[in-house]
Each structure stands twice: as structure tokens, then as C-alpha cells.
Amino acid sequence: MLTRRTVLGTTAALAVPTAARAQPAPIRIGEINSYSAIPSFTLPYRNGWQLAADQINASGGVLGRKLEVISRDDTGKPQDAVRLAGELLDEQKVDILAGGYLSNVGLALSDFAQQRKRLYIAGEPLSDALVWQKGNRYCFRLRPSTYMQAAMLVQEAAKLPAKRWVTVAPNYEYGLSTVKWFKALLSAKRPDVTFVGEQWPALGKIDAGATVAALAELKPDAILNVTFGPDLTNFVRQGNTRGLFENRSVVSVLTGEPEYLEPLGDETPEGWIVTGYPRAQVTTPANTAFIAAYKTRFNAVPGMGSVVGYSLIQSIAAGIRRAGSLDADKLIDGFSGATFETPFGPASYRALDHQGTLGTFVGKTALRDGKGMMVDWHYADGAAYLPSDQEVLALRQSAG
Amino acid sequence: MTLLAVRNLAKAFGGNEVVAGISFDVAIGEIVALIGPNGAGKSTCFNMLNGQIRPDRGAILLDGTDIAAWSPDRICRIGVGRGFQIAATFGSLTVRDNVRTALIARHRAMWRCFRSASNMFTAEAGALLDRVGLSRVADQSCSTLAYGDLKRLELALALSNQPRLLLMDEPTAGMTRADRSAVMDLMLALTRETQCAVLFTEHDTDAVFRTADRVLVMDKGTMIAEGVPAAIRSNPAVRAAYLGC
Amino acid sequence: MSFLAIQFLTGLSGAVSLFLMSAGLTIIFGVTRVVNFAHGSLYMLGAYIGWSILTRLPHDPIWFAGGVIAAALATGCIGAAIEMTLLRRLYRAPELFQLLATFGVMLAIQDLTLLVWGPNDLPLPRAPWLRGSVTILGEHFPAYDLLLIAIGPAVLTALLLLLNRTRFGMLIRACTENRDLAAALGINHRILSTSVFALGAGLAGLGGALVLPDSSANTQMDLAVIVEAFVVVVVGGMGSVTGAFLASLMFGELQAFGIVLIPGATLVLVFIIMAVVLSIRPRGLLGDAPVPSAISAAGKPVRPVSSRIQLVGWSLVVLAATAPIWLPAYWLSVLTEILIAVLLAGSLHLMMGPGGMISFGHAAWFGLGAYSSALTVRMLSAPMPLALLAAPVAAGLVAIAFGWFVVRLSGVYLAMLTLAFAQIVWAAAAQWSWLTGGDDGILGVWPSGSVPFFYWVLSLSVAATWLLQRITRSPFGLALTAARDSEARALSIGLRADRLRMAAFAMSGAAAGLAGGLFAFSTGSVFPTYVAVGKSVDVLLMVLLGGINTVIGPIAGAVAYTGFYDLLLQTTSMWRLALGLTIITLVLAFPDGLAGGWRRSRS
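As C-alpha cells, then:
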């Protein structure tokens with residue numbers, strides 16, 4: 002297809018052959034994320050995608066063109082994200098949209114992408130709806146969804162003797178969805194468990210003492226925790242002091258990610274079953290090289306956000322390479338089934354629902370030298386924790 | 250002929266009966282002064298007549314209709330005008346718009362949302378301002394007025410509804426002596442023209458005895474005397490109440 | 008039984024930081040009448056400064072106490088600096104203008120904190136003595152929480168002694184009760200205001216430092232506490248320290264037991280309680296003195312628009328009508344958003360200007376309109392015009408119902424009730440997923456073409472804004488202004504102030520609802536964030552920035568705020584610092600709003 006830009010490019014090439022051939026117009030990626038609202042995740046994330054873009058460009062770019070990432074702050078509000086996505090498409094002429102942290106920002110961008118018939122690659126948003134109930138052909142999602150995270154943890158949780166369960170989760174979509182799946186999947190595997198209570202602290206405003214006491218009063222055998230960030234620190238401290246975790250199993254989503262584990266410091270509770278990223282212990286060549294390059298570039302150690310940012314750009318490069326074009330329909334074909342390298346090893350975008358098969362690590366928390374870490378961990382490949390194709394298709398079709 | 254008949258009106262605050270069952274009449278076109286020492290219950294009585302305070306018991310009959318416990322706006326609409334002890338006007342509006350608003354209320358035009366108010370009732374407002382002598386400041390914001398002019402504006406607002414009964418709570422309080430008699434004379438002249446009855450309270454006894462047809466005297470919540478000025482002036486009970494405080 | 012006792016104690020300890028926050032806020036409001044939006048930032052600074060100090064000190068109780076006090080003192084100094092450099096210049100400005108200034112401070116502090124301390128949560132490592140628990144009725148209870156329980160009444164006692172037994176306290180009370188009288192008595196208001204602001208800031212800093220053993224210093228703490236602190240101040244009665252204490256205890260306990268009984272109620276619990284308390288006691292628990300309306304009613308008239316400005320306005324409308332020809336697509340979407348913001352700000356202005364009713368929850372009507380439109384499309388498959396009709400109708404009807412019981416209140420109390428209502432709408436939007444889609448919202452509400460839609464927005468926004476202006480100058484508008492200026496006088500000329508206000512409330516709600524409906528189509532989706540506090544604050548800022556005393560002001564404010572915000576978001580990652588400093592500069596340069604400043608510069 003002869004676009005306006007390629008015409009201009011050709012004209013320029015005729016006029017100044019060498020300069021133009023050495024510097025074809027870069028491929029532009031419009032990236033949007035909650036930089037000011039969630040800095041603890043998004044700033045390491047920004048480093049991650051910068052590193053990936055640099056590496057790709059140093060090795061010759063994609064389709065002979067450099068990658069250029071133009072980044073915007075959505076301030077945590079979907080309405081701002083949508084407007085900025087328009088700016089990126091119309092003013093900055095980006096070829097692909099990417100990014101997002103909050104689920105509703107991801108959904109808003111996905112819907113916008115469908116409206117404008119352009120690709121949107123979601124990095125962090127975990128909502129299942131993004132690729133299932135509200136999925137559309139223009140949207141791909143990298144990370145394991147709430148369903149997949151829950152499925153990974155249920156596999157371990159089902160082995161526990163615990164029968165009486167309680168849940169504590171932030172009172173918004175991510176928490177609601179994770180608890181819903183965890184209950185459904187665990188009940189299916191273990192008909193003998195009962196969920197005897199739940200707590201729904203407002204995000205960022207947990208009343209940890211009262212929450213811990215209310216959970217303890219239910220005398221559960223095990224607890225599912227979905228809180229994270231400052232809420233988690235608060236919850237763990239009150240739980241430790243009040244003895245909530247003594248002789249109880251705890252299953253906890255995302256708690257093994259460095260962003261959330263490190264603030265717990267020497268109060269990291271031991272033996273929690275968590276998903277996360279045992280950074281330094283993963284000695285695969287991909288991860289070791291990633292950490293080394295990250296340290297060289299930023300003089301800091303990467304977080305989970307860095308992995309997401311890095312993998313996101315790698316996946317986009319792979320998708321474009323496979324498509325061999327920037328036309329939206331060709332890109333969709335290229336991304337569907339594209340395999341890409343991540344610090345966790347190779348992953349791909351499923352053609353079925355555009356969900357990435359990037360996995361995460363499942364293990365137990367432990368305390369070493371006053372710091373929290375993950376032990377007994379294994380890599381859970383995302384592809385293994387998805388429902389059957391029929392179920393997925395039914396979910397996607399229900400959206401219409 | 251009786252216009253206002255108050256019967257056994259009472260109000261207590263926190264167990265303390267401020268107005269303890271008073272009764273009196275005001276005839277059509279009559280000018281009646283309500284006097285008494287501070288704390289006698291005059292203002293409470295006024296606020297009940299005007300609907301700002303709900304009486305505990307008693308009747309307020311205006312032309313035979315009991316208006317006790319009616320809301321102030323409803324009482325206004327059946328023909329009672331009110332002046333406040335501390336002038337209450339619409340501070341952010343011009344003098345003309347103050348009067349215009351009162352006329353809008355009178356003509357029940359306040360629910361008209363989609364036409365401009367700026368040319369409504371202009372002639373009528375001008376006439377009212379003329380009569381109270383405020384034409385020269387009609388376009389000033391009323392927050393810039395001298396106190397005497399504010400009281401004149403109050404009078405204009407109270408009269409805009411063409412009331413049958415005017416309640417004036419200390420109409421000349423806080424004014425210079427010259428202003429006082431001017432405003433008092435204006436009030437008298439305007440009410441005489443329209444056969445409007447006036448009930449007013451006043452501390453200036455000279456003004457009371459000069460202008461009132463009849464005087465009511467309250468003390469400690471009860472009516473202690475009632476009569477023509479000359480009779481009140483020589484009433485021993487009244488003298489005792491005044492000297493006692 | 009033991010659980011009840013433990014939960015009771017937990018509620019007490021949970022109340023302490025809330026009390027420290029709200030005590031400072033209420034004292035500051037009492038003396039300076041400043042609604043201090045930056046109070047949450049001072050709390051956050053207290054935590055960060057406390058972290059920086061305490062991580063460098065030995066880990067025993069004496070040093071801990073010293074470090075916490077040092078953090079409080081440092082925060083107090085920051086508060087004094089804010090008062091002296093900024094707020095002091097604004098005491099003569101309309102009262103809510105200082106809210107605008109403190110909002111700018113809050114924005115700037117968010118970015119400065121990120122610059123100084125970085126993005127990561129900073130937990131204070133707990134010394135062993137901070138981790139210990141005591142056994143009460145067979146249950147572990149944190150020893151530190153017992154300490155907190157003691158600190159609350161101790162601070163209350165100290166404050167009451169200060170207020171009742173010292174000359175400084177006497178001056179504070181004199182100013183709180185009657186500012187004019189205090190000024191007449193020769194009280195040096197400058198020094199008093201500075202020291203009171205420092206005291207309030209110090210209390211917030213103390214609160215921030217004291218939560219460190221339970222939590223971490225993080226960049227989200229400022230917004231997490233500020234709204235609740237306002238709620239406590241209002242429920243306690245503005246200006247009353249004892250009231251703030253009682254209200255925080257009440258909230259601490261209701262929270263502790265509420266989450267046991269109704270775990271899902273965490274988003275709305277405090278707001279429902281506030282609505283109930285204010286319905287029964289319109290001035291809070293201990294607020295007996297009437298608080299003057301935060302907008303000085305007997306101020307200036309809402310000025311009519313000169314014919315020249317009208318000409319300029321209509322020329323701009325005509326110019327905008329040609330925009331699809333020459334304006335690039337993105338800028339057309341910015342213009343669309345500006346037009347919607349103009350209508351929204353205009354709707355709030357009818358309430359706040361002529362109506363004299365401040366709203367901290369105007370997003371409620373915006374959100375109701377947006378959801379009504381989106382649901383009309385999704386559930387009834389209705390065409391866009393019908394959906395755009397549903398928005399103002401639904402928002403207006405709810406506004407009538409809500410207006411019916413808020414018009415009895417006035418000033419900040421009314422404002423807080425509107426906030427409570429908006430929060431309840433927000434929580435419903437977030438939690439009634441079967442209807443609203445929860446946090447994931449409703450998607451796919453797109454208009455059929457962007458240029459035709461632009462003309463819908465242009466014509467409806469301009470028509471509705473013109474109508475709002477018309478209403479302001481109509482007999483109704485005049486009567487409404489009159490009822491704002493003097494309710495007693497309005498009643499005694501036969502105007503029902505409450506019905507006028509209710510009608511203004513409904514019209515304002517309907518207009519905001521229309522803006523919401525348009526917005527739903529312009530972004531193609533609806534989310535609970537449309538109803539969030541931040542949205543309400545945005546609208547308030549537009550009106551205040553433009554100036555409340557002109558009908559042009561809110562329009563200018565909406566254009567300036569929306570345009571500038573959009574521009575900053577795409578040019579700098581430090582947009583909060585830039586926006587905050589700009590707001591502060593504007594406030595200092597134009598204390599009567601943009602429109603007022605422009606007029607002044609011409610005369």
C-alpha cells in the first residue's frame with residue numbers, strides 16, 4: 002500500500018539518496034501509562050521500554066527502521082488516556098498504541114483502538130475483559146490476566162489442607178475479579194472448601210487493624226490476599242503484630258514482585274504462596290543478560306514493571322517484523338501467533354484471543370538477611386493456565 | 250374596622266416564655282406603635298406576625314384569616330410588608346434591581362427564566378424610588394448606600410407589594426436625627442395615601458408619641474398598657490416599666 | 008466478646024491520625040477561613056520527613072519520639088512558609104479563592120515529593136518495641152496502637168489547654184468566633200494566621216509521622232486522607248476541635264465495626280454517615296455558631312456581559328463552527344472537550360454565583376448524565392439524540408430530589424453534602440457492575456461521525472450555555488440572587504428562597520448532565536472516574552479561576568484550565584508542578600479571577 006509517507010520518503014530518497022537511506026522515518030509507538038498516578042510501578046516500567054527500544058535500534062531496528070516511543074501520562078484517568086491516544090494517532094502519527102496500567106484505562110484504549118481501527122498492545126492491565134468479554138481484534142495483552150494469576154495460585158492452593166478460606170482484596174475491579182476467579186477455580190478443584198468471609202478495603206485506604214481483626218475473628222484456615230502496595234505493607238504489619246498469619250496458609254497475588262515485596266523488608270511473612278519475580282535467582286541467560294543491561298543503563302535493579310516495559314516493546318518489534326507492514330490488518334495477522342523474547346523466556350500472542358502467554362513465577366516467600374525473597378519457585382507458563390478454547394470463544398462471542 | 254387581630258399569642262425559648270399570651274387589634278389605616286424596654290418581647294412578637302418564628306399558641310387573624318404558622322412569603326402575599334431592625338436589602342444588586350425584584354415577586358414573575366429582567370417593571374420601580382426619594386442613586390449598587398438611604402430602600406421594598414399592613418421593626422434605628430424624622434414622615438405620608446395600617450416598634454419616644462394613633466406597651470412578654478399616646482404618657486405602669494430598666 | 012473489645016480499641020487507634028489531621032484543618036479554617044486543600048500534602052510531607060529523620064536515628068523509644076516531634080516541627084515550618092508567601096496575600100480575595108491556591112500547592116508538592124524521595128514506597132523499618140503486642144482478653148493487640156490511643160486524648164487536652172488557658176488560644180477563639188470583632192480589638196491577624204497555620208500543619212505532620220510504624224511513606228497518602236479529614240471537620244462542626252475529636256472517634260469505630268457487618272461498604276461508609284449527621288444536625292455535632300457562607304454573599308453583583316464581549320463571544324462561536332475545515336482532528340477533540348467544559352462550568356456557576364451554593368460534588372450530575380446516555384444506548388439501543396436527551400432529564404430529576412433536602416443547608420455544609428452525594432454516586436457506579444460495568448465502565452458509546460458529533464457538541468453546549476446566561480439575567484436569576492443576598496428579605500417580599508434554590512439546583516444538575524452525556528460520546532465510554540472527587544475539583548477550579556462574579560468568568564476559566572491542562576499533559580512529565588505553579592501565579596496575579604483581572608487591567 003502506497004501511503005502518503007512512503008511517497009514522501011521515496012521523493013526524499015531520490016533527492017538525497019545516501020542520507021535518506023541511512024535514516025528512514027522511524028516506526029512510532031504511542032505509549033500511555035499512569036506515570037504520575039502509580040510512579041512506583043511506571044517509572045521502572047519506563048526504564049524497561051527505553052532499554053528495549055535502545056537495544057532494538059542498536060541492532061538495526063525493525064523492518065530497517067528505528068523504533069521511536071512517544072510517551073504520555075494518563076494521570077490514572079481513562080478519559081485522559083483516550084484523548085491522548087487521539088493526540089498520538091493524529092498529531093504524532095504513531096503506528097501502534099501501547100501501554101496502560103489500570104484495567105479501565107486499558108479497556109478505554111482498547112475500545113478507542115477498535116473505533117480507530119489501529120492496534121493497541123496492553124502491557125500491564127490485568128482485566129480478563131480486555132481479551133475476553135470486551136475483547137476486540139485490535140487489542141493484544143501481554144501479561145497474565147487475573148484469571149491466569151488466580152489459576153496459577155489455585156494450583157498450589159488446592160494442595161493445602163485448608164478448608165475454611167477468607168479473602169481480602171481492594172474494592173475495585175482487579176480485586177473483585179481475582180477473588181471471583183480464585184473462588185470459582187478453587188471450588189471446582191476442591192469441593193470441600195468453603196469461603197467464610199471477605200474484606201474489601203478501599204484501595205489505598207485500608208483500615209488494616211480492623212481488617213486483620215475481622216479476618217481473624219472468622220478463624221479461617223487460609224487467607225487469599227489481593228492487596229498490594231501501601232495497603233499490603235499496612236496489612237502485613239498489623240497481621241504480624243496481631244498474629245493473624247500464625248498457623249495459617251496465605252495465598253497472595255503479585256506479592257512476590259520486587260515492587261511489593263521489597264517494602265515489606267524484614268517483616269516479610271514466610272511461607273506465603275505468591276506470584277512474582279525472584280529477580281536475581283532466575284539465572285536463565287535471558288534474565289541475567291536483561292538485569293546486566295538494565296544495571297549498566299540505569300544503575301539500578303529492574304522491577305516487575307521493568308520486565309513488562311521491556312517485554313512489551315520486544316513483543317511489538319516481533320509483531321511488526323512478522324507482519325512486515327504497518328497496515329492494521331496485516332499487523333493483526335503478524336501479532337497473532339508472534340513469538341518474542343522476554344527476560345522470562347520466549348512468549349507469544351495467541352491467535353485465539355490475543356492473550357500473551359508470558360507467565361510469571363510462583364513460589365513461597367521467605368526471609369533472608371532481613372530481606373524478603375521467593376523460594377521454591379517455578380516458572381508458570383501463561384499458556385498452561387488458560388481455559389479451553391471453546392470457553393474462551395464463548396466469552397469473546399458473548400461480547401458480540 | 251379591624252384588620253389585624255392578635256389573640257393570646259405566645260412563644261417560649263428554652264422554657265423561658267418571651268411572649269406570654271398577648272392580644273391586640275390594629276384597624277385599617279391605623280398607625281400603632283409597640284413599645285417596651287429591651288427584652289420585652291417586641292421583636293419576637295414581630296417575627297411571629299411575619300412568619301419568621303412559629304408561635305407556640307395563639308391566633309393571628311388578618312381580615313379574619315388565621316395566619317399563625319404561615320410561612321413569611323405566604324404572609325407577604327396576603328398583604329403584609331416588613332421592615333427589619335437592621336436593614337435587609339439585596340447587597341449585590343443595584344437599588345433599582347432591589348425594587349425590581351420585589352415587583353417581580355409581587356407579580357409572581359420569578360419563575361420566568363428565559364426573558365431578560367432588565368426591562369421589566371422599570372416604570373413601576375422608578376415610581377416607587379421616586380416616592381422614597383432614591384431616584385438619584387437608582388443605578389448604584391446598594392452596598393454603597395448610606396444607612397439612611399438603605400432604610401428608605403427597605404421601605405420601598407416593603408411597600409412594593411402594596412401591603413394592607415406594614416410591620417416596621419425600629420424603622421429609624423441607627424440613623425441621624427435629621428434622617429429619622431425624614432424617614433418617619435415619609436412612612437406616614439406613604440401609608441396615609443394607601444390606607445395601609447402600620448405597626449411599628451421604636452425606641453425614640455418622641456417619634457412614637459408624635460406619629461402613633463395608638464400605643465401598645467409590652468414588658469416581660471405581656472401587654473401592660475394600651476391607649477392613645479397622651480394616656481400612655483401618663484400611665485404609671487408604663488413609667489414604672491421604663492424607669493425600672 | 009473479646010472480639011468486640013479488640014475491635015473497639017482498633018477503632019480508637021484508627022481515629023488518631025484522622026483526628027490529628029482534622030484538628031489542624033479545623034483550627035486553620037476557624038481563624039483564617041481557608042479550606043486548606045494542601046492539608047493532605049502536609050500530612051504526606053510529615054511522613055516523608057519523618058522517614059528521613061527516623062531512619063537515621065537509633066531505634067529506641069526516646070529517639071523515636073524526638074524524631075516524630077522534629078518531623079512535626081519541620082512540617083509546621085513548611086506550613087508557616089506557605090502561609091507567609093502565599094495565603095497571606097489572599098485573605099482579602101473571595102474566600103474560596105484560597106482553596107484554589109492550596110490546590111496549586113498540593114499539585115506542586117506531589118511532584119516535588121517524587122523528585123526528592125523517588126517513586127518507591129518508603130516503609131520505616133520497625134524497631135522491635137514497635138512490633139510488640141500486648142494480650143488483651145486472649146487476643147494480640149499492637150502495643151503501638153495502645154500508644155496511639157493515648158496520644159489522641161493527650162493532643163486534644165493539650166489543644167484545649169492551649170485554646171482555653173493561654174492568650175494565644177484566647178486570640179484564636181476570638182478570631183474563630185468573630186473575625187471583625189477580633190480585628191477591631193487590635194489583634195494582629197498576620198502573626199496569628201501564620202502561627203495558626205504552622206500549628207495546623209504541624210499537627211498534620213505529626214499525624215503523618217505517627218502512621219509510619221503502621222505503614223509507609225508513599226505518594227498516594229495525600230489524597231487518601233484529605234477528603235476524609237474534611238468530612239470529619241464538617242461532621243464535628245467547623246472550627247470545633249472537640250467536635251473533630253468526637254467525629255474522628257465516631258468514624259474510627261463505625262469503620263472498625265462497619266467492615267465486619269458490611270465488608271463491601273468501605274467506599275461509602277463515611278459519606279453515608281456524614282449525610283445522616285448533616286441531615287439531623289445541619290451544622291455538625293458541635294458546630295453551634297453559624298458559619299458565614301464561604302462565598303461572601305453581599306459581595307459584588309454578577310456582572311452583565313457588555314455588548315462588545317458578546318460580539319467577541321459570538322464571533323468565536325462562528326469561528327468554532329468552521330473549525331472542522333481547518334483544525335486538525337486532535338485539536339478538534341480538544342475543542343470538543345473545551346466546549347463541554349464550558350457548559351459544565353457554566354452549570355456550576357448558576358449554582359455558585361446567583362445561587363450562592365458551593366458544590367464540591369458537581370461531578371455527580373456530570374456522571375449521572377454520562378451514565379444515563381451510555382445506558383440508554385447500551386440497554387435500549389437508542390439513537391444518540393435520544394441518549395443526549397436522557398442525560399439532562401435523568402440528572403435534573405435526581406437533582407430535584409437531592410436538592411429538596413440540601414437547600415436547607417448553607418455554605419461549606421451544603422458543599423460537603425454535595426460531596427457526600429457525589430461519592431455515593433461514584434461508589435454505586437463502581438460497585439453496581441450489573442448495571443454500570445463497575446470500574447471497567449461502559450464501552451463503545453461512539454457517535455456515528457466525528458464532524459457531525461462536533462456540531463452536536465457545539466450547538467448544544469453553546470445553546471445551553473447561552474440559556475444559562477439568560478437564566479442568570481432573567482427574573483428567576485434576579486430572584487435567586489436576591490435570595491442569596493438576604494434570605495429574610497427575600498421571604499418577606501414573597502419569594503420562597505428554598506424553592507428558587509431547588510430550581511437552580513435542578514437546572515444546574517440538568518445542564519451538567521447534558522455535559523456528561525456529550526462527554527460520554529466524545530470519549531466513547533463512561534467510567535466511575537467521571538464522578539470522582541477529582542472531576543468535581545476540576546469544575547470548581549474552572550469557576551474559581553475564571554471568577555465567580557462574572558458570567559464570562561467560568562467560560563474563561565473552563566477554556567484556560569482545560570486547554571492548559573491538555574497542553575501540559577502532552578508536553579511535560581512534571582505537569583503537576585507546572586500546573587500547580589501556574590495556578591499559584593494566577594491566583595497571586597488575579598485575586599478576583601481571570602475575567603476580573605482582565606477587566607481591572609483595562610480600567
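First to last, the protein sequences are chains A, B and C.
Just so you know, we're using the numbering used here here: the first sequence kicks off at 2 and counts up by one.
Just so you know, we're using the numbering used here here: the second sequence kicks off at 250 and counts up by one.
Just so you know, we're using the numbering used here here: the third sequence kicks off at 8 and counts up by one.
Just so you know, even glycine gets a beta-carbon here, dropped at the ideal spot from N, CA and C.
State the Cα-Cα distance for the pair Ala427 (chain C) and Ile39 (chain A), rounded to the nearest angstrom.
26 Å
Take Leu467 (chain C) as the anchor and find which of C:Leu584, C:Met257 and C:Ala348 has the nearest alpha-carbon.
The candidate whose alpha carbon is nearest that of Leu467 (chain C) is C:Ala348.
Leu210 (chain C) and Leu27 (chain C) look like a contact to me (Cβ under 8 Å); what is the Cβ gap, rounded to whole Å?
5 Å
When you compare only the Cα positions, how much space is there between Ile156 (chain C) and Ser140 (chain C)?
Roughly 14 Å between the two C-alpha positions.
For the stretch 439-448 of chain B against the stretch 401-415 of chain B, do three or more pairs of beta-carbon atoms, one drawn from each stretch, fall closer than 8 Å, so that the two count as touching?
Remark: three or more beta-carbon pairs, one from each stretch, lie closer than 8 Å, so the stretch 439-448 of chain B and the stretch 401-415 of chain B are flagged as touching.
Within 8 Å of any Cβ in chain A, is that where the Cβ of Trp582 (chain C) sits?
yes
Quick one: which unbroken beta strand (DSSP E) runs of 3-plus residues sit fully inside the stretch 139-176 of chain A? Chain order, please.
140-142 and 165-169
So Asp75 (chain A) and Ala336 (chain C) are supposed to be a Cβ contact under 8 Å. How far apart are they, rounded?
That pair is no contact at about 19 Å.
Can you round the beta-carbon distance between Asp61 (chain C) and Leu219 (chain C) to whole angstroms, since I take them to be within the 8 Å contact cut?
It should be noted that the sequence gives Leu, not Asp, for residue 61 (chain C). Taking the Cβ atoms as the reference, Leu61 (chain C) lies roughly 7 Å from Leu219 (chain C), within the contact range of under 8 Å.
Are the CB atoms of Ile365 (chain C) and Leu421 (chain C) nearer to each other than 8 Å?
yes
Please return the same chain residues whose Cβ sits closer than 8 Å to the Cβ of Ile424 (chain B), not counting the five positions on each side in sequence.
For clarity, residue 424 (chain B) is Met in the given sequence; the question names Ile instead. Closer than 8 Å at the Cβ level, and outside the excluded window around Met424 (chain B), lie Tyr396, Gly397, Lys400 and Val432.
Limits of the unbroken beta strand (DSSP E) element including Tyr350 (chain A)
That residue, Tyr350 (chain A), is in no beta strand (DSSP E); it is neither H nor E in DSSP.
Please classify Glu247 (chain A) as buried or exposed, where buried requires at least 16 neighbouring CB atoms within 10 angstroms.
exposed
With DSSP as the reference, label Trp378 (chain A) as helix, strand or coil.
strand
Note down, in chain order, every chain A residue with its Cβ under 7 Å from the Cβ of Pro126 (chain C).
Pro40, Ser41 and Leu44
For the candidate residues C:Gly587, C:Ser222 and C:Asp599, whose alpha-carbon lies nearest to that of Met113 (chain C)?
C:Gly587
Alpha-carbon spacing of Leu262 (chain A) relative to Pro390 (chain C), whole angstroms
50 Å
Tell me which residues share the same chain as Ile207 (chain A) and place their Cβ nearer than 7 Å to its Cβ, disregarding the 5 neighbours each side in the sequence.
Thr228, Asp232, Asn235 and Phe236
List the residues of chain A whose Cβ lies closer than 8 Å to the Cβ of Pro149 (chain C), in chain order.
Gly210, Gln239, Thr242 and Arg243
Which of the three DSSP states is assigned to Met359 (chain B) in this structure?
coil
What are the start and end residues of each continuous beta strand (DSSP E) run of 3 or more residues lying completely inside the stretch 289-363 of chain B, in chain order?
Within the stretch 289-363 of chain B, the runs of beta strand (DSSP E) at least 3 residues long that lie entirely inside it are, in chain order, 306-311 and 329-332.
Would Val155 (chain A) pass as a contact of Gly198 (chain A) if the rule is Cβ separation under 8 Å?
no
Check each candidate in C:Phe278, C:Ala181, C:Pro149 and C:Leu548 and name the one with the smallest Cα separation from Gly37 (chain C).
C:Ala181
9 Å Cβ cut-off: residues of chain C touching Phe295 (chain B):
Per Cβ cutoff of 9 Å: no residues; Phe295 (chain B) is ~11 Å from chain C at best.
Per DSSP, what are the beta-bridge partners of Gly269 (chain B) in this structure?
Note that residue 269 (chain B) is Ala in the sequence shown, not Gly. Its beta-bridge partners are B:Ala259.
Under a Cβ-count criterion, where at least 16 other Cβ atoms within 10 Å of its own Cβ denotes burial, should Ala486 (chain B) be classed as buried or exposed?
exposed
Identify each residue in the stretch 315-345 of chain C for which the Cβ-Cβ distance to at least one residue of chain A is less than 7 Å, and report them in chain order.
Pro335, Ala336, Tyr337, Ser340 and Glu344
Sub-8 Å separation of Arg1 (chain A) and Ile28 (chain A) beta-carbons
Nothing about residue 1 (chain A) can be reported from this structure: the residues present for chain A run from 2 to 401 only.
I want to see whether chain A comes within less than 8 Å of Ile13 (chain C), judged by CB atoms only; does it?
yes
Within chain B, partners of Pro482 (chain C) - CB distance below 7 Å
Ile353, Ala358, Met359, Arg361, Ala366 and Met369
Under DSSP, the alpha helix (DSSP H) around Asp128 (chain C) begins and ends at which residues?
That residue, Asp128 (chain C), is in no alpha helix (DSSP H); it is neither H nor E in DSSP.
For Arg66 (chain A), does the three-state DSSP call read helix, strand or coil?
strand
Between Ala354 (chain B) and the rest of its own chain, which residues show a CB-CB distance below 6 Å, the 5 nearest in sequence each way excluded?
none
Closest Cβ-Cβ distance between Pro264 (chain A) and chain C: below 8 Å?
Yes, because at least one Cβ of chain C sits closer than 8 Å to the Cβ of Pro264 (chain A).
Assign Asn171 (chain C) to buried or exposed, taking buried as 16 or more other Cβ atoms, counted over all protein chains shown, within 10 Å of its Cβ.
exposed
Across the stretch 443-456 of chain C and the stretch 381-389 of chain C, are there enough close Cβ pairs to call them in contact, namely three or more that are closer than 8 Å?
yes
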